[in-house]
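For what it's worth, our numbering labels the leading residue of the sequence shown as 1, then goes sequentially. Quick reminder that beta carbons are idealized off the backbone N, C-alpha and C, glycines included. To keep things clear, I will list the structure first and then write my remarks on it.
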Amino acid sequence: MSERYVLLVRPANVYGVYNYPPLGLILIGTALAEEGYKIEIMTHEDESSFESDLVKKARGAFAVGITATTAEIQDGIRLARALRNSFDRKLPLIWGGWHTTLFPEQMGVSMLVDYAVTGDGESSALLVAQHILQGDDLSGMKVVRSPNCDLDKLALPRYDLLANIESYITRPLTDKFQEYYQGALRWLPYESSRGCPHDCAFCINVVADNRKYRCKDAQKVAMELSGLVSKYDLTHVKFIDDNFFVQVDRVRQIFEERARLGLRFTWDAECRVDYFRDGFVDEKLLRFLKRQGLVQLTLGVESGSVASLERMRKGIHPEQAENAVELCVKQDIVTRCSFILDIPGDTREDILETTRFINQIRRFPKVVCGVHTYRPYPRSKLCEDLIRQGLFYQPSTLEGWENESCVRQYTDTTVERTWQTNFRLSSRVSFYQSLESAFWLKAHQLTNPVARLVNQIFIALARFRNRNQIYAFPLDRGLYILFRDYCTRRCVRHRGT
Numbered sequence: 001m002s003e004r005y006v007l008l009v010r011p012a013n014v015y016g017v018y019n020y021p022p023l024g025l026i027l028i029g030t031a032l033a034e035e036g037y038k039i040e041i042m043t044h045e046d047e048s049s050f051e052s053d054l055v056k057k058a059r060g061a062f063a064v065g066i067t068a069t070t071a072e073i074q075d076g077i078r079l080a081r082a083l084r085n086s087f088d089r090k091l092p093l094i095w096g097g098w099h100t101t102l103f104p105e106q107m108g109v110s111m112l113v114d115y116a117v118t119g120d121g122e123s124s125a126l127l128v129a130q131h132i133l134q135g136d137d138l139s140g141m142k143v144v145r146s147p148n149c150d151l152d153k154l155a156l157p158r159y160d161l162l163a164n165i166e167s168y169i170t171r172p173l174t175d176k177f178q179e180y181y182q183g184a185l186r187w188l189p190y191e192s193s194r195g196c197p198h199d200c201a202f203c204i205n206v207v208a209d210n211r212k213y214r215c216k217d218a219q220k221v222a223m224e225l226s227g228l229v230s231k232y233d234l235t236h237v238k239f240i241d242d243n244f245f246v247q248v249d250r251v252r253q254i255f256e257e258r259a260r261l262g263l264r265f266t267w268d269a270e271c272r273v274d275y276f277r278d279g280f281v282d283e284k285l286l287r288f289l290k291r292q293g294l295v296q297l298t299l300g301v302e303s304g305s306v307a308s309l310e311r312m313r314k315g316i317h318p319e320q321a322e323n324a325v326e327l328c329v330k331q332d333i334v335t336r337c338s339f340i341l342d343i344p345g346d347t348r349e350d351i352l353e354t355t356r357f358i359n360q361i362r363r364f365p366k367v368v369c370g371v372h373t374y375r376p377y378p379r380s381k382l383c384e385d386l387i388r389q390g391l392f393y394q395p396s397t398l399e400g401w402e403n404e405s406c407v408r409q410y411t412d413t414t415v416e417r418t419w420q421t422n423f424r425l426s427s428r429v430s431f432y433q434s435l436e437s438a439f440w441l442k443a444h445q446l447t448n449p450v451a452r453l454v455n456q457i458f459i460a461l462a463r464f465r466n467r468n469q470i471y472a473f474p475l476d477r478g479l480y481i482l483f484r485d486y487c488t489r490r491c492v493r494h495r496g497t
């Protein structure tokens, strides 16, 4: 066993989808590497021998860190159990990630957990590692939360701690803008800030104590982007901040620095629709950002129903969403609009009002609408209300999350839930509106010209249904799912060219 060798693990998720590298582990690994620890990151994707490989590598580690979202928790439990069976309590297991942050009490009493790291993982993981090396049990504490990090003091992320990072850099995104992209796409996710000050009832930032907005200095961001673009030969950067545009002057300064440094890359980010106003995210700023590489903004529109938006505590109005889309279109910026159907309290009319609004904004070019039925994010206000009303179930232990059907109740947009009174309508609207936006298969992903043609025919049928609000007899839905699954296996480009 090496005294300073730490093995970091991302488990498989129940959907088998791995579009992004494990940025959380990369950031924690970077912080540990800066202090002299040897770091290796393993991701469980398709390898049938992953469990045995993990146990083999763990023999040389003094600790193993496991991150997990709720969709990954089932495999995380299985891998932790395999490590326990092989090493008993001699190998400390440190858990982190969103699921740990949301359920620290469950993690703290599980025999599969030695330490549960919540909140910013960089400082907490380093604290735990130091105490393990010193033989200190942290005074019996299993749940560890350090103060929030000073983001300006963090080192440049070491993406190359992940041995197969190149496979992510060249992995096509499912984003609409790539259909118009010239040349090969080489991209990475990047985080310039943390936290969101808003109070949406469906969001986990509120319960995770992540409403305080913290950000890196604009000059630091620009210098980090310069280093990453140079080191990894990037052509695109995906900002994954909780809320990138909170300080709009900082955004402007970042891209003024980009211009001064002569950097050449495209980028995309998320933005609230009520930020599109004079003196904030206005036409002048968008024109400047477009010149500085902005190709796409993701907008959390959520609903075309005022009543639904109020239940979500979203704090926006559909008119603001339409204004945001129009301003983006004027600058030839692709807009990805997300919508949630069938939240608790939604009526049939709320759902139809939303689909009418989606049809309305589709008159603009380069608009993508991703539409899903409501997934209850664990511990969010809407989810907690459902549990109190006896309409939803939450496991009381970590091991209780090993039930895949339970995990899917929280994470799968296609399953019916007890409170949904209009599931047949909402699931069909969700499917056909997403299909019209080529949500699952876009032209740039399909290598076969016949498959591209068939995909376009299905999209045209979906467009007809949506415009006329005809959602009965969805025979084409079943056919498309068969076609989609076949294409995913046979003629979808999974790597860059």
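- Using a Cβ distance threshold of 8 Å, PHE458 and PHE431 do not count as a contacting pair.
- For SER426, the secondary structure class from DSSP, reduced to helix, strand or coil, is helix.
- With respect to the C-alpha of TRP95, the residue from ALA155, ALA125, ASN85 having the closest C-alpha is ALA125.
- ALA321 and LEU299 have their C-alpha atoms some 8 Å from each other.
- Taking each of GLN394, ASP485, ARG362 in turn and checking the Cα distance to ASN323, the smallest one comes out for ARG362.
- When the Cα atoms are used, THR118 and PHE276 turn out to be separated by approximately 34 Å.
- Fully enclosed beta strand (DSSP E) runs of no fewer than 3 residues occupy 93 to 96 of the segment 78 to 115, in order along the chain.
- The three-state secondary structure of GLY16, taken from DSSP, is coil.
- Annotation: the continuous beta strand (DSSP E) that includes CYS337 extends over 334 to 341.
- Separation of LEU352 and ARG467 (C-alpha to C-alpha, rounded to the nearest whole angstrom) is 11 Å.
- Note on PRO365: under 16 other CB atoms within 10 angstroms of its CB, so exposed under the neighbour-count rule.
- Between ILE41 and GLY29 the beta-carbon gap is near 6 Å, inside 8 Å, which marks them as a contact.
- In the DSSP secondary-structure assignment, TRP187 is bridged to HIS236.
- Per DSSP, the continuous beta strand (DSSP E) segment holding TYR5 begins and ends at 5 to 10.
- Residue pairing of CYS215 in beta bridges, as defined by DSSP: SER193.
- Scanning the segment 368 to 450 for uninterrupted alpha helix (DSSP H) segments of 4 residues or longer gives 381 to 388, 404 to 411, 423 to 436, listed from N- to C-terminal end.
- Rounded to whole angstroms, ILE387 and ARG379 show a C-alpha spacing of 10 Å.
- The beta carbon of ARG158 sits closer than 7 Å to those of ILE26, GLY29, THR30, ALA33, all from its chain and outside the five residues before and after it, given in chain order.
- Excluding sequence positions up to five before and after PRO344, its CB lies within less than 8 Å of the CB of ARG311, TYR374, LEU382, ASP385, LEU386, LEU391, TRP419, all in the same chain and listed in chain order.
- A buried status is given to GLU270, since no fewer than 16 other beta-carbon atoms sit within 10 Å of its beta-carbon.
- For ALA269, the uninterrupted beta strand (DSSP E) segment begins and ends at 266 to 271.
- Here GLU35 carries a coil assignment [DSSP, helix/strand/coil].
- LEU234 places its beta carbon less than 8 Å from that of LEU188.
- Taking C-alpha positions only, VAL237 is separated from ASP88 by approximately 42 Å.
- DSSP places THR298 in the strand class (E or B) of the three-state scheme.
- Between TYR168 and LEU228, the C-beta spacing is not below 8 Å.
- The beta carbon of ALA307 sits closer than 7 Å to those of ASP350, all from its chain and outside the five residues before and after it, given in chain order.
- As DSSP reads the structure, MET42 sits in a beta bridge with VAL9.
- Judged by beta-carbon spacing, GLY195 lies within the 8 Å limit of ASP242, meaning their Cβ atoms are closer than that value.
- Closest option to LYS176, judged by alpha-carbon separation, among ILE470, SER427, ALA443: ALA443.
- Annotation: TYR486 to GLY370 spans about 22 Å, alpha carbon to alpha carbon.
- For ILE165, the uninterrupted alpha helix (DSSP H) run begins and ends at 165 to 169, by DSSP.
- When DSSP states are grouped into helix, strand and coil, GLY65 belongs to the strand group.
- CYS328: member of the alpha helix (DSSP H) spanning 318 to 330, first to last residue.
- Between THR421 and SER110, the C-beta gap is not smaller than 8 Å, which leaves the two residues out of contact.
- The C-alpha of LYS57 lies about 34 Å from the C-alpha of GLN409.
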